[in-house]
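Working notes, structure below.
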Amino acid sequence: MIIKNAKYVTSAVKESDFLTDFPEICFVGRSNVGKSSLINMLVGSKGLAKSSSTPGLTKMVNYFLINNELYFVDLPGYGYSKTGKKHTELWSTLLENYLLSSENLKMVFMLVDIRHEPTELDKLMHRFLFYHNIPHKVIATKADKIAKSKIFNARNEIAKALSLGVADVLAVSNLGYGKENVLDIVENIIK
Ligand code: GDP
């Protein structure tokens, strides 16, 4: 799939703001896992999805229209706040409402860091998606941070921790590694 154009459309702060006009693929994961970097890498634009350093945006549901036919949706990160304190809730109500109520949601890309075993929250999110029958794929980010020869093993470890097969875990880097694999999935969803 070739992404010809991508534009930011809106940010939802409550359920009634959610869009409904195109199929949606969303990106979920703990704060700083690399959601905005992955979206930017896929669309080939450094600044489209703002990084976690932008206050506010990280708590919203951000919609990007791709090729005028589908949305990439950047969801609020879960896990740790910027100050390192634990959030009082597991993940935001807005995030949960989005996952449970979006009728056009075709795929959740659940991001984990390739260097670490999925956290307890990652495991919980994965079970949540499974339990609610929400289509999902796991994407291991920051693949450039480990040797190429170790990528397969790292994917395998993540897969085992989530009771998946290694083929269910893709690896990506914001330098471009894995881009085509992710875009192939996107293409299959919309055709
Ligand atoms: P978000 O909070 O999940 O949207 O995370 P960001 O995309 O803002 O990334 C968090 C940090 O990780 C930033 O400093 C990024 O530059 C860095 N980062 C994200 N993806 C990669 C990657 O593939 N490789 C490397 N080396 N750093 C990355």
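Following this note's numbering from start to finish, the sequence shown increments by one per residue and tops out at 1133.
The C-beta atom is built at its ideal place from N, Cα and C for all residues, glycine as well.
Contact test: residue i Cβ vs ligand 1 heavy atom, cutoff 7 Å
i	result
G976	yes
S1115	yes
D1086	yes
T1061	no
S987	no
G1120	no
G971	yes
G1021	no
S1043	no
S979	yes
T890	Since the first residue of the chain shown is 943 and the last is 1133, residue 890 is not available in this structure.
T962	no
Element boundaries [alpha helix (DSSP H), containing residue i]
i	result
N1046	Unbroken run through N1046: none, as it is neither H nor E.
Identity of the residue in the options nearest residue i by Cα
i	options	result
S1115	L1125, L1053, K1090, T1083	T1083
D959	E1099, D1086, M1002	M1002
K1121	L1007, P965, M983	M983
L1047	V975, H1074, G1118, L1117	H1074
N1004	K949, F1094, R972	K949
V963	I1056, V985, F1014, F1070	Correcting the residue identity first, residue 963 is Asp in this sequence and not Val. Looking at the Cα atoms, F1014 is the closest of the given residues.
A1085	G1118, D1064, G986	G1118
I1088	W1033, I1056, G1019	I1056
E1059	I945, E1099, E1011, E966	E1099
N1009	V955, V951, P1018, S978	V951
R1097	I945, V1111, K1090	V1111
V1054	N1039, G986, F1072, G1021	G1021
V1128	I1093, I981, T1000	I981
I967	V955, L1012, S973	L1012
M1052	P1018, K1090, V970, T1061	V970
N947	A1109, I1076, S987, S978	S987
Check: residue i C-beta below 7 Å from any heavy atom of ligand 2
i	result
S1034	For the structure depicted, ligand 2 is absent and the ligand set comprises only ligand 1.
Checklist entry - At what residue ranges does the region 952-1027 contain a whole run of the beta strand (DSSP E), taking only runs of 3 or more? => result Along the length of the region 952-1027, whole beta strand (DSSP E) runs at least 3 residues long occupy 966-971, 1003-1008, 1012-1016, reported in chain order.
Item to check | Inside the region 1073-1133 only - alpha helix (DSSP H) runs reaching at least 4 residues | outcome: Correct list: 1093-1103, 1121-1132.
Next on the checklist: Tell me whether the region 1057-1076 and the region 1096-1115 touch, counting them as touching only if at least three CB pairs, one residue from each stretch, are closer than 8 Å.
Outcome noted: A contact exists between the region 1057-1076 and the region 1096-1115.
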